[in-house]
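Residue numbers (my numbering), protein chains in the order written: chain A, 1 to 313; chain B, 1001 to 1313. Cβ atoms here follow ideal geometry from the backbone N, Cα and C, with glycine treated the same way.
Protein chains: 2
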Amino acid sequence: MKNNVETLIGNALNGDRASIGRLLTYIERSPEIASKILSIIIQEKGGGHVIGVTGIPGSGKSTLISRLISHYKNSGLRVAVVAIDPTSPLSRGALLGDRIRMQEHATDPRVFIRSVPTRGVKGGLSFSGVAMIEVFDRLGFDKIIVESIGVGQTDIDIMNLAHTILVVTAPGLGDEIQALKAGIMEIGDIYVLNKSDKPEANRTYAYLDFALETGEIGSEKIKWKPRLVKTSAVMGQGIEDLVDIIEEHLQFIKKSGIYQEKIRVRRRYMVRLLAEKLFLETLENLSDSIEPTGKNIYEEAVQLLKETLSQFD
Amino acid sequence: MKNNVETLIGNALNGDRASIGRLLTYIERSPEIASKILSIIIQEKGGGHVIGVTGIPGSGKSTLISRLISHYKNSGLRVAVVAIDPTSPLSRGALLGDRIRMQEHATDPRVFIRSVPTRGVKGGLSFSGVAMIEVFDRLGFDKIIVESIGVGQTDIDIMNLAHTILVVTAPGLGDEIQALKAGIMEIGDIYVLNKSDKPEANRTYAYLDFALETGEIGSEKIKWKPRLVKTSAVMGQGIEDLVDIIEEHLQFIKKSGIYQEKIRVRRRYMVRLLAEKLFLETLENLSDSIEPTGKNIYEEAVQLLKETLSQFD
């Protein structure tokens, strides 16, 4: 297996698509092989820029990502997309649609797109998702775009791993912005008002601008004041501006040390998520066979924990 | 503390609303006290009927639940509602609206409504949610309605604990039904076509009827063939029929032993979810301070896992 994995990594480093795909499949399927792969690949220099893109459903996030891919590709960069796919059957349909929209890049050798289910840890951020970001980084992808649907804790978690966080909104989604405020509206480095060709765009822009000014959304992070950009992904407008601000933010985080810190956070997440995964899988197996008395739930839970631990001795 | 808890349970058993509320708050806040409460209260006979209600957003689930509450109340029964509230900021708004709609029962001494966030285990089913079902049961509530929004694994999990599962749909939600098929459309004991006063109702009824006949939705469970009922909660139509079929199902599961089996499953879930909660909280604290090398992620994860579990020795 060892030689096998090393050959695969060698081929993947040479840009062989099939090998990259197989590496990622190993990452998803076996924690042991994933660990093996990571231990080898982590010796590569890396240096990619992880861009998290989240936003309100209906904001045209996928079309925007597609435009970013085209732009980076045309600048001679290699782009990977990790799309975090919620297990919810409701949203799966929508995401599949998005996937298809991004397929125009699917056969391009400079672009690699992969969906990762969140099912990993009970609907939370999965070990595979984080490990894939690491792998793309070490394989020399310049821009690693992490897409998530903008709902719930998973999004906040995955966005924590991104160097630069884009929050995409659109005109006429005022209520949704209100609803989301508690979540993703707080975490953006760059807020993108997409679909800005729409008639209501100016009003929404003014609202977002005001909300940013007053600190109602987007908390200032160590001297980076969150920015607001107008785009129309469908019309191809504003993409250059957006790319410029993304680069500005990259320069900022490299100078301020945030870039390196995020890489440390990523590694910590990987280990923690893998520990969770191993634990929950073992616990699930064990707990199917227990018959608690209910006389002391706490004691019985601790007992179950100890039993789980003994599986790893 | 012990006497305190015992007094509280005594008062709650006498139907004192404030005491019931405080018991539930303890359940949410402290696993140790929750365990104490459960160990005492589990000696009560119980015997409640847990009815899970899930369904497509927009199907009028909350109005239907409100009708069921009225019906049971008027029959002299005590009704508890455990509403599983996803942490997603997006859906929170909608659920708060639902809560308000159910408030008409809020001051009735025979009715107790409580929301439980899913945040417990990373967006999954929470320990408190299951423990509350147990507490309501032992406090002598006759019908314990568990409401969930019908999206994702949490719903499937919580529904596993219900004696009787209602899946609510509505006319004109065909696409949504398709999208949900992989999830909740498989788990119903009773399918409710609500809003059946709408013009498209007959077509949707025919579709659901056919899907049930052909086994496309609703898998047959040990001799219970899933049923289909038309209601219009707003007009108050079909509620009697629905209640009759719910009773028919209750008789069936009591005879077949499923009723008792579900109580065992509930207890097993409680212990397992508490174990998960204790583990994940401890892991989170520990993993914030680790600095993995990445040389062997698997080994490092197992190390972290052992360290976490050793906190319980």
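{"Query": "Less than 6 Å between C-beta atoms, sequence neighbours within five positions excluded: which residues of the same chain meet that for A/I40?", "Result": "I9"}
{"Query": "Roughly how many whole angstroms lie between the Cα atoms of A/S19 and A/L13?", "Result": "9 Å"}
{"Query": "Please list the residues of the stretch 263 to 278 of chain A that have a C-beta atom closer than 9 Å to any C-beta atom in chain B, keeping them in chain order.", "Result": "R264, R267, R268, Y269, M270, V271, R272, L273, L274, A275, E276, K277 and L278"}
{"Query": "Report the neighbours of B/P1117 on chain A: residues whose CB is nearer than 8 Å to its CB, in chain order.", "Result": "Near B/P1117 there are no residues of chain A at all, since even the closest Cβ is about 11 Å away, more than 8 Å."}
{"Query": "Whole-angstrom Cβ separation of A/H249 and A/I144, contact assumed at under 8 Å?", "Result": "That belief does not hold up - the Cβ atoms of A/H249 and A/I144 are roughly 15 Å apart, past 8 Å."}
{"Query": "Could you confirm whether any beta carbon from chain B is found closer than 8 Å to the beta carbon of A/S35?", "Result": "yes"}
{"Query": "Just to confirm my understanding: we take B/D1108, look at its own chain, exclude 5 residues before and 5 after, and list those with CB closer than 8 Å. What are they?", "Result": "K1073"}
{"Query": "Spell out the partners DSSP gives B/L1228 in its beta bridges.", "Result": "B/Y1191"}
{"Query": "Measuring only the C-alpha atoms, how far is A/G52 from A/R272?", "Result": "20 Å"}
{"Query": "Let me see if you follow: with CB-CB separation under 8 Å, is B/L1096 close to chain A or not?", "Result": "Unreliable placement is indicated for B/L1096, whose pLDDT of 45 sits below 50; no coordinate value is reported for it."}
{"Query": "List, in chain order, every chain B residue whose beta-carbon is nearer than 8 Å to that of A/L280.", "Result": "E1276"}
{"Query": "Is the stretch 220 to 237 of chain A touching the stretch 61 to 77 of chain A, taking contact as three or more C-beta pairs under 8 Å?", "Result": "yes"}
{"Query": "Going by the DSSP bridge assignment, what does A/Q237 pair with across the sheet?", "Result": "A/S232"}
{"Query": "Going by beta carbon distance, what residues of the same chain come within less than 6 Å of A/F136, once the five residues before and after it are set aside?", "Result": "A80 and I144"}
{"Query": "Quick check: what's the CA-CA separation for A/E240 versus A/S70?", "Result": "11 Å"}
{"Query": "In terms of residue numbering, what span does the beta strand (DSSP E) encompassing A/F336 cover?", "Result": "Look at the range of chain A in this structure, 1 to 313, and you will see that residue 336 of chain A is not part of it."}
{"Query": "Give the interface partners of A/G294 over in chain D, defined as CB-CB distance under 9 Å, in chain order.", "Result": "In summary, chain D is missing from the structure at hand, where the protein chains are A and B."}
{"Query": "Could you name the residues of chain B that A/Y26 contacts, counting a contact when the two beta carbons are closer than 7 Å?", "Result": "Going along chain B, no residue has its Cβ under 7 Å from A/Y26, so there is no contact; the nearest lies around 13 Å."}
{"Query": "Does the count of Cβ pairs from the stretch 1253 to 1273 of chain B and the stretch 1154 to 1172 of chain B closer than 8 Å reach three?", "Result": "yes"}
{"Query": "If the criterion is Cβ atoms closer than 8 Å, does the pair A/I27 and A/M185 meet it?", "Result": "no"}
{"Query": "By the three-class DSSP mapping on this structure, what secondary structure does B/G1010 have?", "Result": "helix"}
{"Query": "Going along chain A in order, which residues have a C-beta closer than 9 Å to the C-beta of B/P1031?", "Result": "I297, Y298 and A301"}
{"Query": "Is the stretch 1282 to 1295 of chain B touching the stretch 1185 to 1199 of chain B, taking contact as three or more C-beta pairs under 8 Å?", "Result": "no"}
{"Query": "Could you tell me the boundaries of the beta strand (DSSP E) in which B/T1169 lies?", "Result": "T1164 to T1169"}
{"Query": "Look at B/S1059 and B/T1169 and say whether their C-beta atoms are less than 8 Å apart.", "Result": "yes"}
{"Query": "Nearest chain A C-beta to B/F1141 closer than 8 Å, yes or no?", "Result": "no"}
{"Query": "In chain order, what residues of the same chain lie with their CB nearer than 8 Å to the CB of A/T282, ignoring the 5 residues before and after it?", "Result": "T308, Q311 and F312"}
{"Query": "If you draw a straight line from the C-alpha of A/R267 to the C-alpha of B/A1301, how long is it?", "Result": "11 Å"}
{"Query": "How would you call B/T1054, buried or exposed, if buried means at least 16 neighbouring beta carbons within 10 angstroms?", "Result": "buried"}
{"Query": "Thinking just about the alpha-carbon of each residue, which of A/I190, A/E134, A/D142 and A/G294 is nearest to the one in B/Y1269?", "Result": "A/G294"}
{"Query": "Among B/K1262, B/V1146 and B/V1005, which one has its Cα closest to the Cα of B/I1033?", "Result": "B/V1005"}
{"Query": "Using C-beta distances below 8 Å, list every residue in its chain close to A/M235, excluding the 5 sequence neighbours before and after it, in chain order.", "Result": "D197"}
{"Query": "Sorted by chain position, which residues of the same chain lie with C-beta nearer than 6 Å to B/H1105's C-beta, five sequence neighbours on each side aside?", "Result": "I1069 and V1111"}
{"Query": "Kindly say whether A/I290, judged by its beta-carbon, lies nearer than 8 Å to any beta-carbon of chain B.", "Result": "yes"}
{"Query": "Do B/R1078 and B/G1140 come within 8 Å of each other at the CB atom, strictly closer than that value?", "Result": "yes"}
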